[in-house]
Each structure stands twice: as C-alpha cells, then as structure tokens.
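S.K.:
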Amino acid sequence: MDSLLSSIKSPADLKALSVNQLRQLAEEMREAMCRLLGTRSAHFASNLGVIELTLALHTVFDFERDRLIWDTGHQIYPHKMVTGRYPLFHTIRTKGGLMGYPNPAESPYDLFVTGHAGCSISVGVGLKCGDDLLRPDEKRHVVAVIGDGALPSGIVFEAMNHAGWLKKPLTVILNDNKMSICHRVGGIAEYLDRLRMMPLYSGFKHELYRLLGKVPLVGDSMEKLFDQLRDAVKAGMLGGMLFEELGFHYVGPVDGHNVAALQKYLRMVQQHPGPVLLHVITEKGHGFPPAEKDPRTFHAPAPFQRVNGSEVQFRNGSAVSYTEAARDAVLAAMEADRSVVVITAAMCQGNMLEPVRDRFPDRFFDVGICESHAVGLACGMAKAGLRPIVDIYSTFLQRAYDQIFQEASLQNLPIVFMLDRAGVVGADGPTHHGVFDIAYLRPFPNLTVMAPGDATEMLPMLKFALQHDGPTAIRYPKAKAERVPRPVNPVRHGQGEWVRSGRHGVILACGALLGSCVKATELLAGEGWDVGLINVRFVKPLDQELILDAVRNFAVVVTVEEGVLQGGFGSAVLEAANDAGVETSHIRRLGVPDRYIEHAERAEQLEELGLTPQAIAEVCSRALAQRVAARPVHRTEAIL
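When you read off a place in the sequence shown, starting at 1, and then add 2, the result is the number in this note's numbering.
Printed below as a string of structure tokens:
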C-alpha cells in the first residue's frame, strides 16, 4: 500500500528513484490522502494537484540548503510526507499532531508558517537578498510556489516589481489549476487562460536556443533576432508580456503531472541568472475522479468513505452553522432592498454564498484574494449610494486594515463587515483564528462593532447595520448556530440586554459564547450562587449605563469573549470603568491570552482557553468565594 512512501525518510531518498518509481510514489501519496479523509476534514484537492510538482522540486533542488516557500500553505501535505514526517501524517490537523500548514517547529524544510495568500515572492526576495549578503559563496537557490488564485494579490505584484528590478536569481513556480477555492476571477485569470493556449512556446524556444548554439558565428545575432520575433508573436497573440515586462523570464506552460517534464524544466530554470517564472499547469484533485469533477466541494471536504473505489459518501453533520445563519440573513436583506450588494474575496464557498451569487448575480462581487480591493470597492459603492456587505473571514480582513481606516472609517461610509470565523477555528490553527478583530477594529472612530449572542440575533443585527449611517462590523464564529431561549429585545445602537438577573455576581457575555455562559450560570446556581448574565451585543459603543451599573453593584464581574484579551472587550470594560472612576479589582477577564493557539478541535481549544461552561463557572465560583463575604451584595433587578 505504501511500500515506497514508507521508505522515504528524507528528500535525499527521492533522488535514487526512477521516473516510474516516482509515479508509483505519487499514487501511494494520493492513497494516503484518501485514507486521511476517511478520518477528518482536511485540505484535499489542492494537495492532490501538487504531488508530482513536489516530487520534481525535491529531486532537482536540495532544500537542505536551498529555500522553498509554499504560498498559502494548504497544499503542504505531499511536502510533509517526503520530508521525514510520513510516520506522523495520520496526526495532521489534530491536537499535538502535525499542522495543516508549513511549520518550522516541525521541520527545517518549512521556513515560515504560511496561511495567508500572496506572501511567498516577497519572502523569497528577502531570503535571496539575505543569502547574497551573508553567504554569497553558497549560491543558494530560492523557490517560491504560488497558485493562480493568489497571483492577483497586490503584494505579489509589489514583490515581482522589486524582484525584476533587482535581477537576482529567483524561481517562481506558478501553480495554475484554474482555481482558488472556487473558480478564479479577474483579468489575470483570463490572461493565464490565454497562456494555456500556447503549450509549445517555451519548449520550442529552448530547443531553438540549443540548436542555434551549435551554428557557428551566427548564434548571438540569431538569438537577438529570435527574441524580437518572440516578443512580436507574444504581444500579438497574448495581448502583452506581463511577466517579462516585470523583469521575469517566462517559461511554460508545463504539464504539472509529468514528473520527467517538470524535472527537465526545473533544471533549466535553475541555471537562469535572473528571476524566472515557471508556469505549471495542474489539475486540482488530480488522480481522484470525484475531486477532479468537483474540486470546490473537495477543497476541504467533510470526512468521507469510498464506495466502489471511486464514489464517495460524506459523513456530514446536520447542524446549521453561524455561516449559514449569516448567509440567510444576507439573502433576506437583498430580497428586501435592491441597494444591498455583497462582496467577497475568493471565499464564496467558505462563506456559503453560492445561493446569493446565483440569486443576485449582478449584485454579487467576488474580487479574488484581494481583500484591500474588496474594502476599497465597497467604499466606492457606498459613496455612490449602495449598501455594500463585505463578507470576509476575520483573519483575512486584517489584510485590508488601511482601507478600513482610510476609506471606510475616516469617510464614515455605511459599509457592513460580516466577519466569519471570528474566534478560534479548530484545525486550521493560528493562521486562521479570528481572535484579533475586536482589538483591531475598536480603535477606529465611527466604526460600530457587534457580536450576536446567538443565531436569533443575526438578522436583526444585519437589518440594523444596513440602516445605520456609518460603518459596522458583525463577528460570528465557525460553529453550530445556537439559539438561547429568551425574549429577544430589539437591536438598538450601543444597547445590551439582560438575559438573567442575579444577586451575587454577573457575567458579561460578548458574542456566541452566550449559550456557554447560560450553562455556567446554571452550574453556579447548583452551587448556591445567584449569578446574572448580560448579553452585551455591542463591543463598540459599549452600553456604558448597563455595564457600569453592573460593575458598581456586583461583587464579581466576569467578562467572556472569544478574542484576544489585549485590547479586547474586557479591556473596553476596564477602560470604561477607569474613565468613570469605578473600582475594577473585582473584574475577571476570560478570553484568548497573549500567545498563538495551536491547531486542535474547536472544543479542545475552548477547553484550553477556559471558555467552556464548566471553566467559566469555576472562575466565577472562585472569585465569589474570595469576595462575596468582604463586600455587600446589591440585588440588580432583571430587565426582562
């Protein structure tokens, strides 16, 4: 089953294998991927597509000394298998196991933890500059592998512009599978489609150069003539020489599933004296028919079992998620108001927006992996009179920070940011946790930040945001959508709500941990503690009257948030109390501490962070035991 794969202890072992053996190894690696997907969700189709490329890279280059950067990093699984980690491959994306992205803590073959798109070429240029300055005699090669979906990112062209000017040797592998997660979009995608139509160009050029080198006396002049002819042909047939005009020598396109061809062209570009882009054509999901037919579904599918060898049967849960609740709210808003439009950044599938795209194609905009442009686009739309919703993962909205500041907040434009995956996200780990958004959005004047306590509040909050005259943000987790039984108060700007009254203490719940806080109060009641609960709803502006009254009148106040404690909701409560001259020593803050949270199941991460009902109750119980005897308790009446 894995006779070759289990024998690979390091990339050096690959160099002794024949092309046929490498093909066999590729099939064993695909089989290992399929076995993994029988146990848990993982990135799948993207990894199937780069197996041959991974083998070719490691047989041509020596990455014990050379440099390899995988852009985005979710296609790292084949690389991990051949760099000594196959015995642990079954642990990937589990607590204490291998990370689903590159991780320098695991292996010297991983240089960066890369989970956001577009960084590879910038980092590669930096590595090359550093190696040339510090160890010029070693002449290390630097290789950056970037997908066609990430290619339009602004930072990519900033890096290519600089690399072309520096003229240092640098190899960029463009892994072109016509996809990001969904199908790629934009002018660059159309340009790459045209390049795909000329599969013989680079090979013909290489062979002609080889032949011209054997012709006496006329080689140099003939090469110049051929270069002029080539430029004219490319300009006429392709509409420009994008990469070559940026200073990169373009080679390709090359079949990304032909190991021998890949090795040939990698050796060719290895000798090039300046920056070179090797255009490799791959198929997302290659070698597994269901993934080939539907690479979107198989990007990171639910666990499945194979039926009849090639068909699959998914083991899906039936619970509705917050993402679906948000999507349904967006659909309802678009049905009610023709001025509402939706913008996403290559995450149509992740944000479950396909029904929105299909129902309102003229009001749905996928800009590709270009978050800064997404926010800038929304600002222009808002200025023109539309009501744009920017639906982006919390972790990816960070890439548009300056646009949130300059174009949205400073102009006070009515834009709604829907922050999916706010909080911890499970197996994707530290690159994808949406735990910084409260801290990075709170400082902006004019910006309202909301956190629904449960799915019931999603639609009312979106309706409020679309009527509010200024920028708003709504954050919600990657989790099952809970509904906390209670009479729900109308959503009013900067107002929270009492969920449960109490005498001894109070919990201030920020966001979708409200259900856990309800359970914590029930556990505390079993211990004899009568603890109240407030659903704060608004992080900014705070309901200062409600919150400061609670801080003044309860012996213990516990803030609960699924975000970083530094600059988060709990910090906002402390700041408000300090500004009002109110004592704060009885406030306890629960949230994400000042460290990165490793990959694990979401439930395991919440337990580690002390954000389960039991852990919240224990903090309250300990604090009450310490303080209730020393401080008078005033009953706070419920606002219900």
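We put the beta carbon where it would ideally sit given N, CA and C, even for glycine.
Since we're looking at a predicted model, the values are computed, not measured.
Applying the 10 Å Cβ sphere with the 16-neighbour rule, what's the burial state of ALA321?
M.R.: By the neighbour-count rule (16 or more Cβ atoms within 10 Å), ALA321 is not buried but exposed.
S.K.: Take GLU247 as the anchor and find which of GLU609, ILE476, ALA165, ARG298 has the nearest alpha-carbon.
M.R.: Selected option, being the one with the closest Cα: ALA165.
S.K.: Based on Cα-Cα distance, which residue from ARG69, GLN405, PRO492, GLU585 lies nearest to LEU172?
M.R.: The option with the nearest alpha carbon to LEU172 is ARG69.
S.K.: Inspect the beta-carbon positions of GLU409 and ILE394 and report whether they are closer than 8 angstroms.
M.R.: No, the pair does not count as a contact, with Cβ atoms beyond the cut-off.
S.K.: At the level of alpha carbons, what is the spacing between ALA582 and GLU459?
M.R.: Using only the alpha carbons, I get a separation of about 30 angstroms.
S.K.: Do the CB positions of VAL560 and LEU592 come within less than 8 angstroms of each other?
M.R.: Contact: yes.
S.K.: Work out the CA separation of GLY425 and PRO595 for me, nearest whole Å.
M.R.: Distance between the alpha carbons of PRO595 and GLY425: 12 angstroms.
S.K.: Just curious, the beta strand (DSSP E) that GLU140 is in, first and last residue?
M.R.: First-last for GLU140: undefined, no H or E at that position.
S.K.: Decide if the region 443-459 is in contact with the region 115-124; the criterion is three or more beta carbon pairs, one per stretch, under 8 angstroms apart.
M.R.: The answer is no - the region 115-124 does not touch the region 443-459, with fewer than three Cβ pairs under 8 angstroms.
S.K.: Considering just the uninterrupted stretch of the alpha helix (DSSP H) at LYS521, what are its terminal residues?
M.R.: Segment 516-528, the alpha helix (DSSP H) holding LYS521.
S.K.: List the endpoints of the continuous alpha helix (DSSP H) containing ILE157.
M.R.: 156-168 is the extent of the alpha helix (DSSP H) around ILE157.
S.K.: Alpha carbon to alpha carbon, what distance is there between ALA619 and HIS588?
M.R.: Taking the straight line joining both Cα atoms gives about 16 angstroms.
S.K.: How many angstroms separate the CA atom of MET349 from the CA atom of ARG477?
M.R.: Spanning the two alpha carbons is a distance of roughly 16 angstroms.
S.K.: Could you check which residue in GLY254, LEU19, VAL427, HIS76 has the C-alpha nearest to that of PRO104?
M.R.: It is HIS76.
S.K.: Output the residue ranges of the alpha helix (DSSP H) runs that lie fully inside the region 526-607 and measure 4 residues or longer, sorted by chain position.
M.R.: Complete alpha helix (DSSP H) runs here, min 4: 546-555, 571-581.
S.K.: For the structure I just gave you, are there three or more beta carbon pairs, one from the region 524-532 and one from the region 498-515, closer than 8 angstroms?
M.R.: Short answer: they touch.
S.K.: So GLU563 and GLY570 are supposed to be a Cβ contact under 8 angstroms. How far apart are they, rounded?
M.R.: Yes, GLU563 and GLY570 are in contact; Cβ-Cβ is about 5 angstroms, under 8 angstroms.
S.K.: Can we say the region 244-261 touches the region 270-278, given the rule of at least three CB pairs closer than 8 angstroms?
M.R.: Yes, since at least three Cβ pairs between the region 244-261 and the region 270-278 fall closer than 8 angstroms, the two stretches touch.
S.K.: Going by Cα to Cα distance, which pick from ALA376, TYR403, LEU415, THR397 is closest to ALA386?
M.R.: It is LEU415.
S.K.: Which class does PHE300 belong to by DSSP, given the choice of helix, strand or coil?
M.R.: Coil.
S.K.: PHE46 and PHE300 look like a contact to me (Cβ under 8 angstroms); what is the Cβ gap, rounded to whole Å?
M.R.: The pair is a contact, with the Cβ atoms about 5 angstroms apart (cut-off 8 angstroms).
S.K.: Is the Cβ-Cβ distance between ALA347 and GLY382 less than 8 angstroms?
M.R.: Not closer than 8 angstroms, so no.
S.K.: In this structure, how does DSSP classify ALA234 when only helix, strand and coil are distinguished?
M.R.: In this predicted model, ALA234 has a pLDDT of only 47, less than 50, meaning its place in the structure is not dependable; the value taken from the coordinates is given anyway. Reduced to three states, the DSSP call for ALA234 is helix.
S.K.: Thinking VAL343 and ARG329 are a contact (beta carbons under 8 angstroms), I'd like their distance in whole angstroms, please.
M.R.: About 15 angstroms; that fails the 8 angstroms criterion.
S.K.: Given 8 angstroms as the limit, is there contact between the region 92-104 and the region 50-68, that is, 3 or more CB pairs closer than that?
M.R.: No, the region 92-104 does not touch the region 50-68.
S.K.: Thinking ALA44 and ALA302 are a contact (beta carbons under 8 angstroms), I'd like their distance in whole angstroms, please.
M.R.: Indeed they touch by this definition, with Cβ atoms about 7 angstroms apart.
S.K.: Can you have a look at ASN177 and say buried or exposed, based on whether 16 or more other CB atoms are within 10 angstroms of its CB?
M.R.: By the 10 Å Cβ count, ASN177 comes out buried.
S.K.: Here's the rule I'm using: 16 or more other beta-carbon atoms within 10 Å means buried, otherwise exposed. How should PHE316 be labelled?
M.R.: When all chains shown are included, PHE316 counts as exposed.
S.K.: Rounded to whole angstroms, what is the Cα-Cα separation between THR61 and ASP150?
M.R.: Rounded to the nearest angstrom, the two C-alpha atoms are 24 angstroms apart.
S.K.: Opposite GLN315 in the DSSP bridges: which residues?
M.R.: GLN307.
S.K.: Just to confirm, is the Cβ distance from GLY102 to GLY431 under 8 angstroms?
M.R.: Contact: yes.
S.K.: What three-state label does DSSP hand CYS512 in the structure shown?
M.R.: Looking at CYS512 - three-state DSSP - the assignment turns out to be strand.
S.K.: Identify, in the order they occur along the chain, each residue of the same chain with its Cβ nearer than 7 angstroms to the Cβ of ASN537, setting aside the five sequence neighbours on each side.
M.R.: Same-chain partners within the cutoff: GLY455, GLY498, GLU499, VAL501, ALA511, LEU516.
S.K.: Thinking C-alpha only, which one of ALA58, ALA335, LYS480 is nearest HIS435?
M.R.: Residue LYS480 is the option with its Cα nearest to HIS435.
S.K.: For ASN580, count the other beta carbons within 10 Å of its own beta carbon; 16 or more makes it buried, fewer makes it exposed. Which is it?
M.R.: Classification for ASN580: exposed.
S.K.: Drop a sphere of 10 angstroms on the beta-carbon of LEU136, count the other beta-carbons inside from all chains shown, and report buried for 16 or more, exposed for fewer.
M.R.: It counts as exposed.
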